[in-house]
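Under the UniProt record's numbering, the sequence shown has 568 at position 568, and the numbering climbs by one with no breaks.
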Amino acid sequence: MCGIFGYVGVRERDVALMTYRALRDLEYRGYDSWGIAAMTPDGVFVRKSVGKISDTNEQELKGISGKLAIGHSRWATHGGVSEVNSHPHFNRDRTIAVIHNGIVENHNELRAFLYAKLGLVHADLFVSETDTEVIPHLIDYFLRLGNTFESAFVETGKMLEGRYAVVVMKRGEPYLLAMRDGSPLVVGEGEDQYYLASDVPAFLDHTRTVCYPGDREYLKVSAEGIMMRSLDDGAKVEPKWSEILWDKASATKEGHPHYMLKEILEQPLSLDKAIRQEDGKLLEAAALMKEAEHCFFIGCGTAAKMAKLGELYAASVGGRQTTAFVGSEFKPYEQFLDRKSVLFAVSQSGETADVLEALSVGKKRGAKIVSLLNVVGSSMDRMSDKKLFINTGPEIAVASTKAATAQAAVLILLAHALAKDGKAKLAEGKHLLRRAVKEIKAWLTPDLSYEIRRVAERLKDTNDLYIIGRGLNAPIAHEAAIKIQEVSYIHAEGFPGGELKHGPIALIQKGTPVIALIANDETRRDMESNTMELKSRGAYIIGIAPTHSPLFDEWIPVPDLGIASTIANLIPIQLLAYHLAVLRGNDPDKPRNLAKSVTVK
Ligand code: AGP
């Protein structure tokens, strides 16, 4: 949630324009309002606005020269969407500008602290409703006590509770200060210039050399270099630089109208990368899980559905009992975590707050942490004992598509590694997935997309849409519902086929559209019976299946990939959700009320 960007360089540059472009690349993180502050020879330039930054013409930001700038793309948490609540936030004399991603959980206590110390009331101090605004006022307070800018910043940092990444600029100071705890922040090193951002695409046009500060570390960044220290004891931290290997093209639309479509269509490639896992890493992760007394998969949203799929594969292929949880519902089970437990996180971003919280508790209680991630250097990457990466390159659209199928593919491999003769089984799993990727490549053509658009045209005015699946396809039915809800805004619900008769079938009337996911496996007969029951009550059946059935009003053929059919079944649903969104006039890349990475609880 929220994208932050900072720049400091030795030469004057068109800094507001540069910041505008960086925020445009971070817009997927938050897009209800934005703001920029730049240090210019004539003073501080500030521009804030409600709405998406990409709706503003970049020419409006041209010609603002400076050596320092910060910018923020917001996803509102505290305070409504308004110019006054958008970042940067300032101290009273507007000499200190702050951008922040995360939540200052103790902002009420910090407000009370400031009122007591300054003898002021709310209206004398605060102009916005945000939690962030306590930060510039606290820095200002510590400066007035005689601290340097840096020590005032550190004192403020020590008082903040919650997850945050903060960047601060002060009039007259030729450097930026930044700190993070729990929220993402990456530094880019250019020639005589540095960049700070929530994510790499913000500065990939300028540099590929990056460093990821750790939790509770702060940075002083000037054109000459960066200094990193621990927020708690001031100990110096040596920055560890690495090179980004993917290029900007993987973070651009490459001629597609939306990132979501591009990311759906590139799945043959992303899946091919995902299954190229080192055997050793999979076997090591599996070994930890085998030794454990309890193993919990954990994720949120789409990743939670894939975590559930991980549980099913671990049981059916690996013969291991595990339990999958939604991150926000894990609390009652924290008491069972100990040195004999494994927490297996599934997360694209590696920054999802509810999962991070469970992992932190697990870590404190001695549990082993294993993660399946996309973003290298993320918080979960840093706190994991073993990590696996899906290697799909950046996923920009808010809806998870290529990350979800890649997670499913790696979880299939993991389940093979969990089996008795893990090594031999893994070879079998890899063979199965290589064949699956080949078949998906031949099938996932623009023609499939056109065909599904035709189905979407029939469904675009429906108010409700239901999806059923059994066995491995039950979590896929749930995931289908998320996909359709989040981009098309149609009421969609997924059910295990067997649950229909226990309630949901009452929702079916003549013409109610239902998607039936029918795999060629032991669930097929029962699924056909469920579909028949729906059909007899007037449902309009869209079958996603390798073989045709007279029960279907529409048939979307999918390749029969055995246990990997879950992956194939997800793809037409992603395309359907995409086309429904476009036909209904929605922006599929930036659905209302959502953000790519949910870094607050
Ligand atoms: C799915 O399309 C959503 N964008 C959302 O449910 C997402 O999967 C969830 O927020 C988890 O994100 P993560 O994978 O980055 O942890």
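Beta carbons: idealized from backbone N, C-alpha and C, even for Gly.
As the structure is a computational prediction, the values presented were derived from the model and not from experiment.
Check	Outcome
Just tell me which of 197, 174 and 169 has its CA closest to the CA of residue 180.	197
Could you name the residues of the same chain whose beta carbon sits closer than 6 Å to that of residue 397, not counting the 5 residues immediately before and after it, in chain order?	259, 260, 263 and 589
Apart from the five residues on each side of it in sequence, which residues of its chain come closer than 8 Å, Cβ to Cβ, to residue 385?	288, 368, 369 and 370
Let me check you understand the geometry: is the CB of residue 573 closer than 7 Å to at least one non-hydrogen atom of the ligand AGP?	no
Taking residue 602 as the reference, which of 443, 125, 452 and 453 has the closest Cα?	Summary: the structure shown does not reach residue 602, with the chain confined to residues 1 through 601, and so no result is reported for it.
Can you tell me whether residue 398 sits near the ligand AGP, meaning its C-beta is under 7 Å from at least one heavy atom of the ligand?	yes
What are the start and end residues of each continuous beta strand (DSSP E) run of 3 or more residues lying completely inside the segment 217–241, in chain order?	217–222 and 225–230
Note the first and the last residue of the continuous beta strand (DSSP E) segment covering residue 11.	3–14
Answer with buried or exposed for residue 127, where buried requires no fewer than 16 other C-beta atoms within 10 angstroms of its C-beta.	exposed
Residue 348: beta carbon under 7 Å from a heavy atom of the ligand AGP?	yes
Whose C-alpha, out of 213, 533 and 222, is nearest the C-alpha of residue 236?	213
Report yes if the CB atom of residue 405 is closer than 8 Å to the CB atom of residue 273, and no otherwise.	no
When DSSP labels each residue in this structure, what does residue 165 get in the three-state scheme?	strand
On the criterion of 16 or more Cβ atoms from any shown chain inside 10 Å, does residue 463 qualify as buried, or is it exposed?	exposed
Taking contact to mean 3 or more Cβ pairs, one atom from each stretch, closer than 8 Å, check whether the segment 412–432 and the segment 474–491 are in contact.	no
May I ask you to check if the CB of residue 211 is nearer than 7 Å to at least one heavy atom of the ligand AGP?	no
On the criterion of 16 or more Cβ atoms from any shown chain inside 10 Å, does residue 241 qualify as buried, or is it exposed?	exposed
Whose C-alpha, out of 596, 592, 594 and 575, is nearest the C-alpha of residue 265?	575
Using a Cβ-based criterion (distance less than 7 Å to any ligand heavy atom), does residue 439 qualify as near the ligand AGP?	no
How would you label residue 536, buried or exposed, when you count the other beta carbons within 10 angstroms and need 16 or more for buried?	exposed
Could you check what DSSP says for residue 308 in three-state terms: helix, strand or coil?	helix
Should residue 116 be labelled buried (16 or more other beta-carbon atoms within 10 Å of its own) or exposed?	exposed
Per DSSP, what kind of secondary structure is residue 547 in: helix, strand or coil?	coil
Quick one: Cα of residue 555 to Cα of residue 253, how far?	30 Å
Just to check, is the beta-carbon of residue 301 closer than 7 Å to a non-hydrogen atom of the ligand AGP?	yes
My output table needs one value for residue 603: the three-state DSSP class, helix, strand or coil.	For residue 603 there is no data in the structure shown, the boundaries of the chain being 1 and 601.
From this set, 409, 489, 533 and 85, which residue's C-alpha is nearest residue 506's C-alpha?	533
Within the same chain, show all residues whose beta-carbon is closer than 8 Å to that of residue 451, passing over the 5 residues directly before and after it, in chain order.	556
Residue 378: buried (16+ other C-beta within 10 angstroms of its C-beta) or exposed?	buried
Leaving out five residues on either side along the sequence, give the residues of the same chain with a beta carbon under 7 Å from the beta carbon of residue 511.	538 and 540
Which class does residue 256 belong to by DSSP, given the choice of helix, strand or coil?	coil
Could you check if residue 482 belongs to the surroundings of the ligand AGP, using beta carbon to heavy atom distance under 7 Å?	yes
Determine which residues share a DSSP beta bridge with residue 93 and list them.	BP columns for residue 93 are empty, so no partner.
Among all the DSSP beta bridges, which residues are the ones paired with residue 193?	9 and 190
Can you tell me the Cα-Cα spacing of residue 316 and residue 418, whole angstroms?	11 Å
Tell me which residue opens and which closes the beta strand (DSSP E) that residue 47 is part of.	43–50
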